[in-house]
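Residue numbers (the working numbering): 46 to 227. Idealized CB from N, CA, C, for every residue including glycine. What follows is a set of notes on a single structure, which appears directly below.
This is the structure we're talking about:
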C-alpha cells in the first residue's frame, strides 16, 4: 500500500556518474548563456569578452561550488568520500589536462570557493562571486564599483540567480533516492 513512498537505492559510484554527467550537461549547455549575459551586461563600461577559452575555468568553479554543497546534505565522512570520487571522475572525463593536475586544480578551486562561502553563506552567491573574481569583472565595472571592489548589486543579483540553475538539486534527488556506499 505504501510502496510508492519507497526511495530507490543508489550506490556512490552510480551517484557520481549521474551527478557528474548531468552537471556537465548543464554546464556545457549553459556556459554560452552565462558568457553572453556577462559580455552584454549593460552595467559594464566595456565587455569582458568571456569566450570558449574560459569554459574550463567555469566548469571548475561550478563543480567546486557543487562539491562544497555536498556538506549541506551529507555527513562529513560521506561528503568527503563523494568529493574524492567526483573530483576523480571530473578530472578523468571532463578535463583536457593530466588527471592529477586537474584534480589539484579542482581542489584549489574548492578551497577558493570555501573561503568565499564563509563570507556569503550561500552556494549561488559563492559561485557568482568566484566568477566575478576569476574573470576579473571588477575591471569592467563603473569607476564607483571598481573603487569599492565589489560587484554592482543589480548585476550580482542577476548572476547569482543564474548560478542557482547550476546547483545540483539535492532535496529532490534525496527524496527519490537513498544513497548507500555499496
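Assigned secondary structure, residue i (DSSP; H/G/I helix, E/B strand, else coil)
{"i": "residue 225", "result": "strand"}
{"i": "residue 65", "result": "helix"}
{"i": "residue 178", "result": "helix"}
{"i": "residue 59", "result": "helix"}
{"i": "residue 92", "result": "coil"}
{"i": "residue 46", "result": "The pLDDT assigned to residue 46 is 46, lower than 50, so where the model puts this residue is not dependable; a value taken from the coordinates is nonetheless given after this. In the structure shown, residue 46 sits in coil (DSSP, three-state: anything other than H, G, I, E or B)."}
Pairwise C-alpha distance: residue j and residue i
{"i": "residue 78", "j": "residue 135", "result": "22 Å"}
{"i": "residue 205", "j": "residue 76", "result": "14 Å"}
{"i": "residue 224", "j": "residue 91", "result": "47 Å"}
{"i": "residue 161", "j": "residue 126", "result": "23 Å"}
{"i": "residue 177", "j": "residue 51", "result": "42 Å"}
{"i": "residue 146", "j": "residue 191", "result": "33 Å"}
DSSP beta-bridge partners of residue i
{"i": "residue 53", "result": "222"}
Other residues of its chain near residue i: CB distance less than 8 Å, five sequence neighbours each side excluded
{"i": "residue 194", "result": "183"}
{"i": "residue 60", "result": "127, 222 and 224"}
Assigned exposure category for residue i - 16 Cβ within 10 Å defines buried
{"i": "residue 172", "result": "buried"}
{"i": "residue 114", "result": "buried"}
{"i": "residue 168", "result": "buried"}
{"i": "residue 196", "result": "buried"}
{"i": "residue 186", "result": "buried"}
{"i": "residue 174", "result": "buried"}
Same chain, Cβ closer than 7 Å to residue i, five either side skipped, listed in chain order
{"i": "residue 67", "result": "none"}
{"i": "residue 207", "result": "79 and 82"}
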